[in-house]
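Q: If you scroll down you'll find the structure; I have some questions about it.
Protein chains: 2
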Amino acid sequence: MATGNDNQTAARRHQRVRRQHSNELAQDYVEAIYDLIEAGQVARVTDLQEIFGVTHVSVVRALQRFEKRGLLDRSGDGLQLTDEGRKMAAASAVRHNLVVDFLRAIGVSETQAHADAEGLEHHISDETLAAMKRLLEAKLKIKN
Amino acid sequence: MATGNDNQTAARRHQRVRRQHSNELAQDYVEAIYDLIEAGQVARVTDLQEIFGVTHVSVVRALQRFEKRGLLDRSGDGLQLTDEGRKMAAASAVRHNLVVDFLRAIGVSETQAHADAEGLEHHISDETLAAMKRLLEAKLKIKN
DNA sequence: CAAATAATGTAGCACAGGCTACATAACCAA
DNA sequence: TTGGTTATGTAGCCTGTGCTACATTATTTG
Ligand SMILES: [Mn+2]
Ligand SMILES: [Mn+2]
Ligand SMILES: [Mn+2]
Ligand SMILES: [Mn+2]
Numbered sequence: 389m390a391t392g393n394d395n396q397t398a399a400r401r402h403q404r405v406r407r408q409h410s411n412e413l414a415q416d417y418v419e420a421i422y423d424l425i426e427a428g429q430v431a432r433v434t435d436l437q438e439i440f441g442v443t444h445v446s447v448v449r450a451l452q453r454f455e456k457r458g459l460l461d462r463s464g465d466g467l468q469l470t471d472e473g474r475k476m477a478a479a480s481a482v483r484h485n486l487v488v489d490f491l492r493a494i495g496v497s498e499t500q501a502h503a504d505a506e507g508l509e510h511h512i513s514d515e516t517l518a519a520m521k522r523l524l525e526a527k528l529k530i531k532n
Numbered sequence: 389m390a391t392g393n394d395n396q397t398a399a400r401r402h403q404r405v406r407r408q409h410s411n412e413l414a415q416d417y418v419e420a421i422y423d424l425i426e427a428g429q430v431a432r433v434t435d436l437q438e439i440f441g442v443t444h445v446s447v448v449r450a451l452q453r454f455e456k457r458g459l460l461d462r463s464g465d466g467l468q469l470t471d472e473g474r475k476m477a478a479a480s481a482v483r484h485n486l487v488v489d490f491l492r493a494i495g496v497s498e499t500q501a502h503a504d505a506e507g508l509e510h511h512i513s514d515e516t517l518a519a520m521k522r523l524l525e526a527k528l529k530i531k532n
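First to last, the protein sequences are chains A and B. If you're matching positions, the first sequence starts at 389 in the numbering used here and goes up one per residue. If you're matching positions, the second sequence starts at 389 in the numbering used here and goes up one per residue.
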């Protein structure tokens, strides 16, 4: 009874991680496109290929999937985000930045904070994010 | 010059995350097998299928890959870890437990800490792990 | 003991996300 | 204007990691 239940709990946790992974690339893509547009640039395949360190083919294939998922629009000149894509991008950006700030606050170097955040951001629950925000604000109070 | 270099940096970060993901399942498998053996049980396909919430087929295919990678030995009755597999399992367990403890320390619930750690553990650098350990020890000092 | 059940394996499929090779289209420069 | 470079797309391949369907081989149990 104890073991069976434990295994079930473990299974749910692993299933959740797999679900997170199946959204990971989409989040990073819309975030990158969002940032390019924010910076007043036209988001192109070439930019994404440089940002992600993959061939243009991988980018095109990914964009095709994300367009089907309703996250972006490739009909015009540059890449455009749909409302849903923009929403996902904004949420991802907030989460990403908070993770970086939190890592910096606990003493991780700028470089490493950015590196680790790129993976960590996709596995953090709202509860943990809130805990990080709390600690971040407490730290800031101490500093002032 | 600024943009090109930035993209290169981003690319290295994403490449690192992809590398982490390609080791993720192996780490979780050897850790699970390690735990079963530690608990005095014989590690079987059935256990893993329950723990990961996948079919026995997925487990068998994964085990075949990991055996080829020299992480485990399926010749006997139960699953056995090689020296390399045991080393990976031990390192993974240390990391996993430290992440859970850290999340608990910053106020995340037991349940959520275990859930988030399952994904987070694979993306934490040694530097960040050290920072977490530092904060954990500082917190403990305060508590006593 | 014989039948049911549990455990393990293989065959073959799907999809994500990498890749190279090849084809265009668009742009730029001599 | 025309030939090289850059940007984008398609075709087709690979690996990892899921799945169902179908054996086969223990292990229980009536
Ligand atoms: Mn990311
Ligand atoms: Mn991950
Ligand atoms: Mn683990
Ligand atoms: Mn894990």
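Beta carbons are placed, not taken as given, at the ideal position from N, Cα and C, and that holds for glycine. All values derive from a computational prediction rather than experimental measurement.
Under 8 Å Cβ-Cβ, which residues of chain B neighbour N395/A?
A: Mapped onto the first sequence, residue 395/A falls at position 7. Chain B residues near N395/A: D435, E438 and I439.
Q: By the criterion of Cβ-Cβ separation under 7 Å, what are the contact partners of T516/B in chain A?
A: Against the second sequence, residue 516/B aligns to sequence position 128. Residues of chain A passing the Cβ test: L491, V496, Q500 and D504.
Q: Going by the C-beta, is D416/A closer than 7 Å to any heavy atom of ligand 1?
A: Here residue 416/A refers to the residue found at position 28 of the first sequence. Because some heavy atom of ligand 1 lies under 7 Å away, the Cβ of D416/A counts as near it: yes.
Q: Does the beta-carbon distance from M402/A to F454/B come in below 8 Å?
A: Within the first sequence, numbered from 1, the residue matching residue 402/A stands at position 14. Within the second sequence, numbered from 1, the residue matching residue 454/B stands at position 66. Looking at the sequence shown, residue 402/A is not Met but His. Result no, Cβ atoms of H402/A and F454/B do not sit closer than 8 Å.
Q: Using a threshold of 8 Å, state whether the C-beta atoms of V496/A and G466/A are closer than that.
A: For the purposes of this step, residue 496/A is taken as residue 108 along the first sequence, with counting starting at 1. For the purposes of this step, residue 466/A is taken as residue 78 along the first sequence, with counting starting at 1. Not a contact, by the Cβ cut-off of 8 Å.
Q: Listed in chain order, which residues of the segment 393 to 420 of chain A have Cβ atoms closer than 9 Å to some Cβ of chain B?
A: D394, N395, Q396, T397, A398, A399, R400, R401, H402, Q403, R404, V405, R406, Q408, H409, E412, D416 and A420
Q: For the alpha helix (DSSP H) that contains A450/A, what are its first and last residues?
A: One-based indexing of the first sequence puts residue 450/A at position 62. H444 to K456 is the span of the alpha helix (DSSP H), which, as asked, contains A450/A.
Q: If you count every other CB in all the chains shown that lies within 10 Å of the CB of A503/A, and 16 or more means buried, which is it?
A: Start at 1 with the first residue of the first sequence, and residue 503/A comes out as number 115. The residue is buried, with at least 16 neighbouring Cβ atoms inside 10 Å.
Q: Determine the burial state of H444/A: buried for a count of at least 16 other Cβ atoms within 10 Å of its Cβ, exposed for fewer.
A: If you number the first sequence from 1, residue 444/A lands on position 56. H444/A comes out exposed.
Q: Can you name the start and end residues of the alpha helix (DSSP H) that D471/A belongs to?
A: Taking the first residue of the first sequence as position 1, residue 471/A is located at position 83. Counting along the chain, the alpha helix (DSSP H) containing D471/A begins and ends at D471 to A493.
Q: Regarding H484/A and ligand 4, is the C-beta to nearest heavy atom distance less than 7 Å?
A: Taking the first sequence and counting its residues from 1, one reaches residue 484/A at position 96. No, ligand 4 has no heavy atom inside 7 Å of this Cβ.
Q: If you count every other CB in all the chains shown that lies within 10 Å of the CB of T391/A, and 16 or more means buried, which is it?
A: Along the first sequence, read from residue 1 onward, the residue named residue 391/A stands at position 3. Caution applies to T391/A, whose pLDDT of 39 falls short of 50 and renders its modelled position unreliable; the value that the coordinates give is listed next. Classification for T391/A: exposed.
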